[in-house]
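Quick note on numbering: our numbering labels position 23 of the sequence shown as 104, and the sequence is numbered without any gaps.
Backbone N, C-alpha and C fix where the C-beta goes; we use that ideal spot for every residue, glycine too.
The next block holds one structure in the form of structure tokens; read it before the comments.
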Amino acid sequence: MKNSITMTDNRTDKSYDFDILNATRGPSVVDISTFYAKTGMFTYDNGFTSTASCKSEITFIDGEKGELRYRGIEIEELATKHTYLETCYLLLNSKLPNKTELKEFDLELRHRSLVHENLRHLFAAFPAGAHPMATLSAATAALSTFYYDHIEIANEDGYQEMARRIIAKIPTLAAFAFRHSIGAPFIHPDIDRSYTENFLYMIRAYPGGKMHRGVNGEHKIKEIEIKALDTIFTLHADHEQNASTTTVRGVASTGAHPYVAISSGISALWGRAHGGANESVIKQLEMIGSVDRVNEFIARAKDPNDDFRLMGFGHRVYKNFDPRAKILKGLQDQLKDELNLDSNLMEIAQKIEKIALNDEYFISRKLYPNIDFYSGVILTALQIPKSMFTPIFVIGRTVGWITQWIEFKKDKSMKIARPRQLYLGK
Ligand code: SDX
């Protein structure tokens, strides 16, 4: 039996054969790279709902089952038994680190967390209150000017150095972006603190290191806060060919600098249909304000004439619960007392979820809560302002973007991304 698919043009009765490429997990693909040469037509797939853009071994999602794996390991195992740094190492090296490898990786990231002093002055060009996503994207693109040699990477050591550099520096740039947005002096990284604790330190501390009050007004960072944020970073680390990763791969395909590719990923992530949804979810829960008003907004979400959407609901791939959302929901329940989560926001979110999951409109469209539906309540409890929710998504996702960038560069069969169109003009 031929491993191919035959298509017939009913207008001419001509048939065309296209090879099937088998996956190790999930759907196989039909190789239509010869479709235009054979048929003289293009295929059309608005939003790429049925289109595979590349081959990859990094992340696997089964949307029907609600399954997510990084390098074959289930997200539930990584989020509960491993740290974010172990997950970064796994994504970059296709295996979890041993104790020595983890220690070396951690130490290198600590020492690379500083950014060139000139980069600090870049932020001064932006108006007070500039959104941290805009300044973070700009600063990340500017980082390329300090490391032009990364445009031509010759070997594995070069890829690792380039990747570890951006993974180490992105929290510092994100913290600088935040401090600029509130007019506060910048806090440089403290290499005696772990990766995740250091980020909380850089956004909270006063100059000289005295801590701004954190959870429960305490002037120190608690282990439970570090673990919660570390889990959030792990859950955001990578997610197959989502819109921002597709953007990063598109920029990689032109041969541009890896850090401007990451900057383009940050810009794409900012949209409220994508990573910007986490900030929009909390704004929406605050706007709804009370459980008594939930039905009013559910009705609006269902109204075809109202462009209101329930932020944090729905997903292009997950037609079941987003496994990351399940883990965050469990974390919310676990933390609600220790981090005194906002019970009103939680009650509103729980009522939305309860009604939506039993409503025909959402059921028929397989709309479930996604990762963004739950992250905001936890981040709010960590005293992290809404404007920093998507930058935190950036910190978690940078390892995924750079791993996908490296995979693209190593695949010599990959070509410049250049789709065609259905032309309807004159
Ligand atoms: C992320 O791709 C990834 O992997 C992304 C991500 C990652 O880790 O990288 O998982 C992160 O971006 C999560 C998604 C965050 N976005 C939101 O929460 C924004 C709200 N959700 C939607 O805008 C929407 O669900 C999308 C963008 C997430 C998915 O859009 P699709 O797959 O293109 O679906 P669609 O817009 O075609 O909707 C299908 C139907 C439509 O109704 P009909 O036209 O069939 O009548 O479902 C409806 C939509 O109107 N619908 C919603 C809805 N989401 C879809 N109706 C109300 N509220 C919603 N949230």
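With distances taken from CA atoms, which of the options is nearest residue i?
| i | options | result |
| --- | --- | --- |
| F489 | L426, Q322, G357 and I347 | Q322 |
| D414 | D143, V458 and A211 | V458 |
| R390 | Y399, V398, G481 and F378 | F378 |
| T140 | R446, K407, D423 and L316 | L316 |
| S275 | L183, R381 and Q241 | L183 |
| E138 | E167, G128, G153 and Y125 | G153 |
| K410 | D230, L171 and Y449 | Y449 |
| G352 | L366, A333 and M392 | M392 |
| I476 | F280, D126 and I268 | F280 |
| S134 | K507, A223, A498 and D418 | A498 |
May I ask which residues mark the beginning and end of the beta strand (DSSP E) holding residue i?
| i | result |
| --- | --- |
| E367 | First-last for E367: A358 to I369, but that is the alpha helix (DSSP H), not the beta strand (DSSP E). |
| F259 | From DSSP, F259 is part of no beta strand (DSSP E) but of the alpha helix (DSSP H) over E237 to S262. |
| T140 | T140 to D143 |
| K95 | K95 to L102 |
| E148 | E148 to Y151 |
If you draw a straight line from the C-alpha of residue i to the C-alpha of residue j, how long is it?
| i | j | result |
| --- | --- | --- |
| L505 | M82 | 40 Å |
| I156 | D403 | 11 Å |
| A244 | R193 | 11 Å |
| N199 | K180 | 36 Å |
| L177 | I473 | 23 Å |
| P270 | I247 | 14 Å |
| G336 | L190 | 26 Å |
| A235 | E304 | 41 Å |
| E441 | E145 | 18 Å |
| S109 | G395 | 24 Å |
| A258 | P213 | 5 Å |
| F116 | A256 | 48 Å |
Can residue i and residue j be called in contact, C-beta distance under 8 Å?
| i | j | result |
| --- | --- | --- |
| V362 | D238 | no |
| G147 | N386 | no |
| I142 | V480 | no |
| S348 | V329 | no |
| D311 | T164 | yes |
| I468 | E360 | Here the sequence assigns Ser to residue 468, which means Ile is not the residue at that position. Cβ distance < 8 Å, so S468 and E360 count as in contact. |
| I483 | I429 | no |
| T226 | G356 | no |
| K136 | D492 | yes |
| P266 | P288 | yes |
| I101 | I113 | no |
Please list the terminal residues of the continuous alpha helix (DSSP H) segment that includes residue i.
| i | result |
| --- | --- |
| S85 | Looking at the DSSP string, S85 is not in any alpha helix (DSSP H); the run it does join, the beta strand (DSSP E), is S85 to D90. |
| E198 | E198 to L203 |
| L166 | Y165 to N174 |
| S345 | P339 to L350 |
| I30 | In the structure as shown, the chain begins at 82 and stops at 507. Residue 30 is therefore absent and cannot be evaluated. |
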